[in-house]
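Structure, as structure tokens:
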Amino acid sequence: MTSSTVLRGPRRHRGLVRYERRKRIFDLVAASLLAILLAPVAAVVAVLVALRLGRPVLFRQARPGRHGRPFVMIKFRTMHTEESASGPAGDRHRLTRFGLWLRSTSLDELPSLWNVIRGEMSLVGPRPLLLGYLGRYTPEQARRHEVRPGITGLAQVNGRNALDWEERFSYDTWYVDNRSLRLDLRILLATARTVVARRGIAAPGTPTAHEFHGTAGPSRQVADLSR
């Protein structure tokens, strides 16, 4: 074993520590500025949600954060509640055209900036999924929880809900292993293009995403976007 090999681990650790500190500062400043600048937009969306879907305006749900610790994620509501929906309380029956528009424009994500400010989420990272999925991950897939979940992420700019679960988790774990501020900025820029194009809003055959039932399949390789 060479000396460079011995030092690679400590150097990588120190680099990640610096990255995490800088990323947290960037998240806090950027999310705060965005929350201020987009406050008028958020106010209009809140009024529209109240008029179209009623109250509550906000959707709150416990999701797993870093290391799987739960937090309450906040978004604008895009669906009727189960009580007010006609027919089966599935996504197809509860999601309205207005809610679908909110999702396609990502305006429903605006309240999640508060989660970023609080340090529960990051602007960039694997999307926070359901708590019920925690026991279904393979050890490799579970590594997505080594970092804070994000409002956007590598999977979101490479297909979003149109990807199958193995592809999404492959992007997530690749991001964990290759994360850097440069990569985060590239993902943020790609997110703007994805939102404008409104790509990957829903999985085939459903208005949202299919349930993850677990898989033991190998992770797939993804392209290196840090170059």
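For the sequence shown, counting from 1, position 93 maps to 248 in our numbering; every step adds exactly one. Glycine included, every Cβ here is placed at the ideal spot set by N, Cα and C.
Assuming residue i and residue j make a contact with CB atoms under 8 Å, what is their CB distance in whole Å?
i: P219; j: H168; result: The Cβ separation is near 24 Å, so there is no contact.
i: M234; j: L250; result: 5 Å
i: L278; j: D182; result: 5 Å
i: Q311; j: T349; result: 7 Å
i: V202; j: F231; result: So it is not a contact: roughly 11 Å between Cβ atoms.
Do you know how far the Cα of residue j is from the Cα of residue i?
i: V212; j: L193; result: 17 Å
i: L340; j: L268; result: 17 Å
i: L171; j: V302; result: 11 Å
i: S259; j: I180; result: 29 Å
i: R224; j: L284; result: 12 Å
i: Y365; j: E322; result: As written in the sequence, residue 365 is His, which differs from the Tyr given in the question. For H365 and E322, the distance between alpha carbons rounds to 14 Å.
i: E264; j: R166; result: 36 Å
i: R298; j: P304; result: 12 Å
i: S335; j: P195; result: 32 Å
i: Y330; j: G164; result: 18 Å
i: Y288; j: L343; result: 26 Å
i: L338; j: R173; result: 15 Å
i: R177; j: V184; result: 11 Å
Name the DSSP bridge partner or partners of residue i?
i: F226; result: R218
i: S277; result: G305
i: F231; result: L213
i: L344; result: Beta-bridge pairing links L344 to no other residue.
i: L250; result: M234
Around the Cβ of residue i, are there at least 16 other Cβ atoms within 10 angstroms (buried) or fewer (exposed)?
i: V204; result: buried
i: G308; result: buried
i: R332; result: Checking the displayed sequence, the identity of residue 332 turns out to be Asp instead of Arg. Per the 10 Å Cβ criterion, exposed.
i: S325; result: buried
i: Q296; result: buried
i: I306; result: buried
i: S241; result: Model confidence at S241 stands at a pLDDT of 43, short of 50, so the residue's coordinates are unreliable; what they give is reported in the following sentence. Classification of S241: exposed, given that the 10 Å Cβ count is below 16.
i: S186; result: The amino acid at residue 186 is misidentified as Ser; the sequence shows Ala. A186 comes out buried.
i: R282; result: buried
i: R215; result: exposed
Open item on the list: Below 8 Å, how does it come out for the segment 248–260 and the segment 198–213: are there three or more Cβ pairs, yes or no?
Closed with: yes
Task: Stretch-stretch touch, CB-based, cutoff 8 Å, three pairs: the segment 257–277 with the segment 287–295 - done: no
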